[in-house]
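Q: Here this note's numbering = 1-based position in the sequence shown + 571.
C-beta: ideal position from N, C-alpha, C; glycine also.
This one's a predicted model, so the numbers in the text were calculated from it and none came from an experiment.
My structure is below; once you've seen it, I'll send some questions.
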Amino acid sequence: MLAKTHMTAAILAGSLATAISLAAMQPTAQPADKEKCYGVSMKGKNDCAAGPGTTCAGTSKMDYQGNAWKYVAKGSCEQMKSPTSPTGQGQLEAFQEKKS
Numbered sequence: 572m573l574a575k576t577h578m579t580a581a582i583l584a585g586s587l588a589t590a591i592s593l594a595a596m597q598p599t600a601q602p603a604d605k606e607k608c609y610g611v612s613m614k615g616k617n618d619c620a621a622g623p624g625t626t627c628a629g630t631s632k633m634d635y636q637g638n639a640w641k642y643v644a645k646g647s648c649e650q651m652k653s654p655t656s657p658t659g660q661g662q663l664e665a666f667q668e669k670k671s
């Protein structure tokens with residue numbers, strides 16, 4: 572009976588650790604005065620969403636990556652420089668980088 576109790580406690584502890592780890596990986600709520608701006612962050616400096624093969628913040632693989640965003644002041648995104656963007660400015664949605 573004692574071994575079963577220890578095993579149950581270990582399983583519960585492992586489940587709790589997993590839940591805490593997953594919660595820590597979730598992005599925080601978007602601040603009301605900010606917007607997600609795609610294609611304006613530098614390599615490894617994005618806030619989140621950096622496409623396949625990446626997890627989240629700080630995982631973008633290139634400067635101005637089209638599927639990586641950064642929080643910026645609301646209303647400023649589309650005025651920011653983004654050489655890979657179709658318009659040359661930041662975008663409110665992910666985009667495919669244009670070729671140089």
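Got a sec? Which residues, its chain only, sit under 6 Å from Ser653 by beta carbon, not counting five neighbours each side?
A: In the sequence shown, the residue the question calls residue 653 occupies position 82. Contacts found: Gly610, Val611, Tyr635, Gln660, Gly661.
Q: According to DSSP, is Gln660 part of a helix, a strand, or is it coil?
A: To locate residue 660, count along the sequence shown from 1; it is residue 89. Gln660: strand per DSSP, three-state reduction.
Q: Apart from the five residues on each side of it in sequence, which residues of its chain come closer than 8 Å, Cβ to Cβ, to Lys641?
A: As a working note, residue 641 is residue 70 in the sequence shown. So the list reads Lys607, Cys608, Val611, Ser612, Lys616, Asn617, Asp618, once near-sequence residues are dropped.
Q: Taking 7 Å as the limit between beta carbons, can you name the residues of its chain near Glu664, skipping five residues before and five after?
A: Residue numbering aside, residue 664 sits at position 93 when the sequence shown is read from its first letter. Hits under 7 Å: Tyr609.
Q: In three-state terms, what does DSSP make of Glu668?
A: Here the question's residue 668 lines up with position 97 in the sequence shown. Glu668: coil per DSSP, three-state reduction.
Q: Does the distance from the C-beta atom of Gln667 to that of Gly637 stay below 8 Å?
A: By one-based count along the sequence shown, residue 667 stands at place 96. By one-based count along the sequence shown, residue 637 stands at place 66. Taking 8 Å as the Cβ cut-off, Gln667 and Gly637 qualify as a contacting pair.
Q: Three-state secondary structure (DSSP) at Gln597?
A: Counting from one through the sequence shown, the residue named residue 597 turns up at place 26. Residue confidence is low: Gln597 scores 49 on pLDDT, short of 50, so the model does not pin down where it sits. No coordinate-derived value is stated.
Q: In the DSSP assignment, what residue or residues form a beta bridge with Tyr609?
A: The residue given as residue 609 occupies position 38 in the sequence shown. DSSP, once it has assigned bridges, lists Trp640, Gln662 as partnering Tyr609.
Q: According to DSSP, simplified to helix, strand and coil, what is Cys648?
A: Within the sequence shown, the letter at position 77 stands for residue 648. Here Cys648 sits in helix by DSSP.
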